[in-house]
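Residue numbering for the sequence shown follows numbering that gives the first Met the number 0, starting at 0 and increasing by one per position. To start, the structure itself, in structure tokens.
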Amino acid sequence: MGFKKDFVWGGASASYQIEGAAAEDGRLPSVWDMFCKQPGRVENGSSGDTACDHYHRWKEDIAIMKELGYKAYRFSVAWPRVIPTGDGPVNERGLAFYDRLVDGLLEAGLTPYVTLFHWDYPYALFRKGGWLNPESPEWFARYTEAVAKKIGDRVKHFITLNEPQCFIGLGYVNGDHAPGCKVPIWDALLMAHHVLLSHGRAVQVLRSLVPGAKIGTAPACGVDYPATPDDIEAARESFFNVHDSPIFTMALWNDPIFLGQYPAKLFDKFGAVMPPIGKDDMALIGQEVDFVGTNIYNGAAVRRTESGGFEKTPRKDGYAFTASKWPVTPEALYWGPRFLYERYRKPVYITENGLSCADVVSLDGKVHDPARIDFLHRYLLCLRRAADDGVDIAGYFHWCVTDNFEWAKGYTDRFGMVFCDYQTQQRIIKDSGYWYRDVIRSNGDNL
Ligand code: IFM
Numbered sequence: 000m001g002f003k004k005d006f007v008w009g010g011a012s013a014s015y016q017i018e019g020a021a022a023e024d025g026r027l028p029s030v031w032d033m034f035c036k037q038p039g040r041v042e043n044g045s046s047g048d049t050a051c052d053h054y055h056r057w058k059e060d061i062a063i064m065k066e067l068g069y070k071a072y073r074f075s076v077a078w079p080r081v082i083p084t085g086d087g088p089v090n091e092r093g094l095a096f097y098d099r100l101v102d103g104l105l106e107a108g109l110t111p112y113v114t115l116f117h118w119d120y121p122y123a124l125f126r127k128g129g130w131l132n133p134e135s136p137e138w139f140a141r142y143t144e145a146v147a148k149k150i151g152d153r154v155k156h157f158i159t160l161n162e163p164q165c166f167i168g169l170g171y172v173n174g175d176h177a178p179g180c181k182v183p184i185w186d187a188l189l190m191a192h193h194v195l196l197s198h199g200r201a202v203q204v205l206r207s208l209v210p211g212a213k214i215g216t217a218p219a220c221g222v223d224y225p226a227t228p229d230d231i232e233a234a235r236e237s238f239f240n241v242h243d244s245p246i247f248t249m250a251l252w253n254d255p256i257f258l259g260q261y262p263a264k265l266f267d268k269f270g271a272v273m274p275p276i277g278k279d280d281m282a283l284i285g286q287e288v289d290f291v292g293t294n295i296y297n298g299a300a301v302r303r304t305e306s307g308g309f310e311k312t313p314r315k316d317g318y319a320f321t322a323s324k325w326p327v328t329p330e331a332l333y334w335g336p337r338f339l340y341e342r343y344r345k346p347v348y349i350t351e352n353g354l355s356c357a358d359v360v361s362l363d364g365k366v367h368d369p370a371r372i373d374f375l376h377r378y379l380l381c382l383r384r385a386a387d388d389g390v391d392i393a394g395y396f397h398w399c400v401t402d403n404f405e406w407a408k409g410y411t412d413r414f415g416m417v418f419c420d421y422q423t424q425q426r427i428i429k430d431s432g433y434w435y436r437d438v439i440r441s442n443g444d445n446l
């Protein structure tokens, strides 16, 4: 059976990680611009000030994607370019960039998939309380409106939020990411509620302004998969379980959207610190969306315990890891989509998947990345098996198109299929890029 005929093969990116041009055309700082200025926060003191200079080199980047046969490109819009103060006037010069980008993509035959928010929160809004402020869903709605009015005539696929676990969990709970705060759990849960309401408001705005819009989100998803065929239910329970650190719970971000309710266990465990929930809130959050987006990089094998619970199995010595020390677990791309589809009954997009490798330019001037090819080959075989077993898989976006600014890791991790020399801004397509081109050409039949 394999992948559907209209399967969407693409690559993904995010504004702050590639655009650069941090102070151009009216853009004001995001929380990440400010975070990068603090000594010791980002490796090597790096920032996204220039990154891959995509803001100026987008034509070249589109040409590369076209050469590699991508069908679609998932990119994010920078809120601080569009409404630099977050809730003030719309900045037409900032919006014009995305206007040009969308036209360029369509001319090249690539379908744009737009993420509204991928972590570059306007700093001015942070100073007003950010996601803690009950006004924050309205701020997001207004920003969504500006984007939809500008490009909604040509863009039909929208992803509201990327990995809320990270921008709340890493940004406000453990403080490793911008804005680098450590708030108490009740504040983190209140932010989560406002983030979900923001999603709901964005869906309303998109439905009213973009006829035919297809909308979803893209939470992070560490997949718990069965250690043995007898452990399928144990893995499923673990996958949808509410963790002790609730913000990192995948179901916290998906259940309200797809099932219209928070996981019951959240109230069992954290009822005392849950925010008040307005009578219409869950209907707003849980209104119809079109697909499940999920960013899957890895997972863990889970087994049933003797007491009837579940536990993660230890990894054996010598287990395979990527350059950023993430485990290589192809099974995640079978069981993740399958469990999500069985629970939420919507087409699934892999909105991110990939790995960092210690890529270098070889003496022959090329970038050979066999580890990336092997990783992707294994993962995509599992994804195809999920499709064979009846999971409705709509598309796959490799993270990332080019190497980029990897948040607190600066430029020390390379996730791209296209090498970026940050000194010269030269791009070099890695071996994996050409390999992916052949996968796309055969719609995955050559795997
Ligand atoms: O670079 C990030 C991206 O911004 C969000 N998902 C994971 C990627 C790799 O860490």
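Note that the Cβ used here is the ideal one computed from N, Cα and C, for glycine as well.
The alpha helix (DSSP H) that contains Tyr435, what's its start and end? Taking the first residue of the sequence shown as position 1, residue 435 is located at position 436. Start and end: Asp430 to Arg440.
Could you work out which residue in Val76, Val172 and Ala319 is closest to Phe96 when comparing CA atoms only? Start at 1 with the first residue of the sequence shown, and residue 96 comes out as number 97. Ranking Val76, Val172 and Ala319 by Cα distance to Phe96 puts Val76 first.
Tell me which same chain residues have a C-beta within less than 6 Å of the C-beta of Lys408, skipping the five on either side of it? As a working mapping, residue 408 is identified with position 409 in the sequence shown. Closer than 6 Å at Cβ, skipping near neighbours: Glu42.
Scan the segment 32-108 and note each continuous alpha helix (DSSP H) run of 4 residues or more that stays entirely inside, going in chain order. 53-66, 78-81 and 91-106
Residues bridged to Val417 by DSSP? Position 418 of the sequence shown, counted from the first residue, corresponds to residue 417. Thr401 and Ile428, per the DSSP bridge assignment.
Touch test, the segment 126-143 against the segment 176-192, Cβ-Cβ under 8 Å, three pairs minimum: Counting Cβ pairs under 8 Å, three or more are found: they touch.
Where do the ends of the beta strand (DSSP E) carrying Asn294 lie? To locate residue 294, count along the sequence shown from 1; it is residue 295. That run of the beta strand (DSSP E) goes Val291 to Asn294.
With distance defined between alpha-carbon atoms, name the residue in Gly170, Pro111, Leu104 and Trp334 nearest to Val30. Indexing the sequence shown from 1 puts residue 30 at position 31. Ranking Gly170, Pro111, Leu104 and Trp334 by Cα distance to Val30 puts Gly170 first.
Give me, in chain order, the residues of the same chain whose beta-carbon lies closer than 8 Å to that of Arg303; leave out the 5 immediate sequence neighbours on both sides. Indexing the sequence shown from 1 puts residue 303 at position 304. Once the five neighbours on either side are set aside, the close Cβ partners of Arg303 are Asp229, Asp230, Glu232, Ala233 and Phe309.
Ends of the alpha helix (DSSP H) at Trp138? In the sequence shown, the residue the question calls residue 138 occupies position 139. Per DSSP, Trp138 belongs to the alpha helix (DSSP H) from Ser135 to Ile150.
What three-state label does DSSP hand Arg302 in the structure shown? In the sequence shown, residue 302 corresponds to position 303, counting from 1. If DSSP states are grouped into helix, strand and coil, Arg302 belongs with the strands.
DSSP on Ile284, reduced to helix/strand/coil? Taking the first residue of the sequence shown as 1, we reach residue 284 at position 285. If DSSP states are grouped into helix, strand and coil, Ile284 belongs with the helices.
Three-state secondary structure assigned by DSSP to Ile349: By 1-based counting over the sequence shown, the position of residue 349 is 350. The answer is strand: DSSP assigns Ile349 an E or B state.
For Gly335 versus Val222, is the C-beta distance shorter than 8 Å? As a first step, residue 335 is located in the sequence shown; it is residue number 336 there, counting from the start. As a first step, residue 222 is located in the sequence shown; it is residue number 223 there, counting from the start. Cβ atoms of Gly335 and Val222: closer than 8 Å.
Just to confirm my understanding: we take Val146, look at its own chain, exclude 5 residues before and 5 after, and list those with CB closer than 8 Å. What are they? On the sequence shown, residue 146 is found 147 positions in, with the first residue counted as 1. Val76, Val81, Leu94, Tyr97, Val113 and Leu115, listed in sequence order.
Helix, strand or coil: which one does DSSP assign to Leu446? Walking along the sequence shown from the start, residue 446 turns up at place 447. When DSSP states are grouped into helix, strand and coil, Leu446 belongs to the coil group.
Would the segment 408-426 count as touching the segment 43-54 if we require 3 or more Cβ pairs under 8 Å? yes
Which word fits Val359, buried or exposed, when buried means at least 16 other C-beta atoms lie within 10 angstroms of its C-beta? Along the sequence shown, one-based indexing puts residue 359 at 360. Exposed, since its Cβ has fewer than 16 Cβ neighbours within 10 Å.
Given this structure, state the Cα-to-Cα distance separating Leu208 from Arg314, to the nearest angstrom. What you label residue 208 is simply residue 209 of the sequence shown in a count that begins at 1. What you label residue 314 is simply residue 315 of the sequence shown in a count that begins at 1. Rounded to the nearest angstrom, the two C-alpha atoms are 49 Å apart.
Any chance the CB of Phe266 is under 7 Å from a heavy atom of the ligand IFM? Along the sequence shown, read from residue 1 onward, the residue named residue 266 stands at position 267. Every heavy atom of the ligand IFM is 7 Å or more from the Cβ of Phe266, so no.
Quick one: what's got a C-beta closer than 6 Å to Leu67's C-beta in the same chain, skipping five residues either side? One-based indexing of the sequence shown puts residue 67 at position 68. Counting only Cβ-Cβ distances below 6 Å, and skipping sequence neighbours, we find Gly432 and Arg436.
When you compare each of Pro178, Leu283 and Ile392 to Gln260 by their alpha carbons, which one comes out closest? On the sequence shown, position 261 is the one that residue 260 refers to. Nearest option by C-alpha distance: Leu283.
Quick check: does the Cβ of Asn161 come within less than 7 Å of any heavy atom belonging to the ligand IFM? The residue you call residue 161 lines up with position 162 of the sequence shown. Answer for Asn161: yes, Cβ within range of the ligand IFM.
Where do the ends of the beta strand (DSSP E) carrying Tyr112 lie? Here residue 112 corresponds to residue number 113 of the sequence shown, with the count starting at 1. Where Tyr112 is concerned, the enclosing beta strand (DSSP E) stretches over Thr110 to Phe116.
Exposed unless 16 or more other CB atoms sit within 10 angstroms - verdict on Gln425: Here residue 425 refers to the residue found at position 426 when the sequence shown is read from its first residue. Classification of Gln425: exposed, given that the 10 Å Cβ count is below 16.
Beta-carbon separation (whole angstroms), Asn294 vs Glu341, contact threshold 8 Å: As a working note, residue 294 is residue 295 in the sequence shown. As a working note, residue 341 is residue 342 in the sequence shown. 19 Å between Cβ atoms; not a contact.
Alpha helix (DSSP H) runs contained entirely in the segment 158-239, provided each spans 4 or more residues: Listed in chain order, the complete alpha helix (DSSP H) runs (minimum 4 residues) inside the segment 158-239 are 184-208 and 231-238.
Examine the ligand IFM and report whether any of its heavy atoms sits within less than 7 Å of the Cβ of Gln424. Indexing the sequence shown from 1 puts residue 424 at position 425. False, no ligand heavy atom lies under 7 Å from that Cβ.
Touching or not, the segment 8-15 and the segment 356-370, by the rule of three or more beta carbon pairs under 8 Å? no
Would Phe34 count as contacting chain D if we go by Cβ distances under 8 Å? In summary, chain D is missing from the structure at hand, where a single protein chain is found.
Per DSSP, what kind of secondary structure is Gly394 in: helix, strand or coil? One-based indexing of the sequence shown puts residue 394 at position 395. Reduced to three states, the DSSP call for Gly394 is strand.
Using 7 Å as the cut-off, classify the Cβ of Glu42 as near or not near the heavy atoms of the ligand IFM, replying yes or no. By one-based count along the sequence shown, residue 42 stands at place 43. No, the beta carbon of Glu42 sits no closer than 7 Å to any heavy atom of the ligand IFM.
Expressed to the nearest angstrom, what Euclidean distance is found between the alpha-carbon atoms of Arg440 and Trp434? Within the sequence shown, residue 440 is the residue found at index 441, counting from 1. Within the sequence shown, residue 434 is the residue found at index 435, counting from 1. Rounded to the nearest angstrom, the gap between the Cα atoms of Arg440 and Trp434 is 10 Å.
Just grab the DSSP bridge partners of Ala11 for me. For the purposes of this step, residue 11 is taken as the residue at position 12 of the sequence shown. The partner list for Ala11 (beta bridge, DSSP) reads Arg73 and Trp398.
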